[in-house]
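Participant:
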Amino acid sequence: MVNFSEEELKFILSNEVCRLATVDVKGKPHVTPVCYIYTNNTFYIFTDYETKKYRNIKNNPNVALVIDVYRMPWNKAIIIEGKAEILERGEEYKEIYKKFYEKFSWVRRDPWNEGEAPLIKVIPEKKISWGLKRK
Numbered sequence: 012m013v014n015f016s017e018e019e020l021k022f023i024l025s026n027e028v029c030r031l032a033t034v035d036v037k038g039k040p041h042v043t044p045v046c047y048i049y050t051n052n053t054f055y056i057f058t059d060y061e062t063k064k065y066r067n068i069k070n071n072p073n074v075a076l077v078i079d080v081y082r083m084p085w086n087k088a089i090i091i092e093g094k095a096e097i098l099e100r101g102e103e104y105k106e107i108y109k110k111f112y113e114k115f116s117w118v119r120r121d122p123w124n125e126g127e128a129p130l131i132k133v134i135p136e137k138k139i140s141w142g143l144k145r146k
């Protein structure tokens with residue numbers, strides 16, 4: 012389990028978009044910006060079944076997330092590596108869907124039910140950060 016510093020945790024919680032990196036069957040990287048929720052040392056990201064990131068994760072669960080802000084001179088970033096798991100139903104799915112529904116207007120405008128959109132779950136295994144104090 013990865014332990015985040017107080018500054019890293021504040022940074023993670025103060026943002027809502029990260030870049031998710033996956034790898035396709037030919038070993039080529041694929042990076043997409045996604046909205047996330049972080050709770051209980053876990054990142055959650057909804058996607059669609061038709062997306063490349065979904066197909067990539069089904070084939071290879073190794074992923075990386077980047078949360079960054081570049082506003083000179085205060086560049087801040089954190090890179091997180093971990094394994095992704097796909098959730099499609101269940102209590103955890105419902106709990107996280109509710110959090111997304113409350114936080115993001117795009118979810119309220121176009122709601123869905125269990126089984127209609129996969130949920131990507133990433134538990135951090137490694138982190139690298141800069142511009143964030145370590146305590």
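Each residue of the sequence shown is one higher than the one before, counting from 12 in my numbering.
Just so you know, even glycine gets a beta-carbon here, dropped at the ideal spot from N, CA and C.
(1) Starting from F22, trace the alpha helix (DSSP H) both ways and give me its first and last residue.
(2) Mapping DSSP to helix, strand and coil, what is E113?
(3) Quick check: the segment 67-74 against the segment 18-36, are there 3 or more CB pairs under 8 Å?
(4) What three-state label does DSSP hand K144 in the structure shown?
(5) Have a look at P122 and S25 and give me their C-alpha separation to the nearest angstrom.
(6) Mapping DSSP to helix, strand and coil, what is V118?
(7) Suppose you measure from the CA of I139 to the CA of I56; what does that come to, to the nearest Å?
(8) Using a Cβ-Cβ cut-off of 7 Å (strictly less than) and excluding sequence neighbours within five positions of C29, which residues of its own chain qualify?
(9) Excluding sequence positions up to five away, which residues of its chain have a Cβ less than 6 Å from the Cβ of V42?
Facilitator: This is what the structure holds:
(1) As a first step, residue 22 is located in the sequence shown; it is residue number 11 there, counting from the start. Looking at the DSSP string, the run of the alpha helix (DSSP H) that includes F22 is 17-25.
(2) One-based indexing of the sequence shown puts residue 113 at position 102. If DSSP states are grouped into helix, strand and coil, E113 belongs with the helices.
(3) yes
(4) As a first step, residue 144 must be located in the sequence shown, where it is residue number 133. Coil.
(5) As a first step, residue 122 is located in the sequence shown; it is residue number 111 there, counting from the start. As a first step, residue 25 is located in the sequence shown; it is residue number 14 there, counting from the start. Cα to Cα, the separation comes out at about 24 Å.
(6) On the sequence shown, position 107 is the one that residue 118 refers to. Here V118 sits in helix by DSSP.
(7) Mapped onto the sequence shown, residue 139 falls at position 128. Mapped onto the sequence shown, residue 56 falls at position 45. Answer to the nearest angstrom: the Cα atoms are 20 Å apart.
(8) Numbered from its first residue, the sequence shown carries residue 29 at position 18. Within the same chain, C29 has close Cβ partners V45, Y47, L76, V77, I78.
(9) Residue 42 sits at position 31 when you count from the first residue of the sequence shown. R30, A32.
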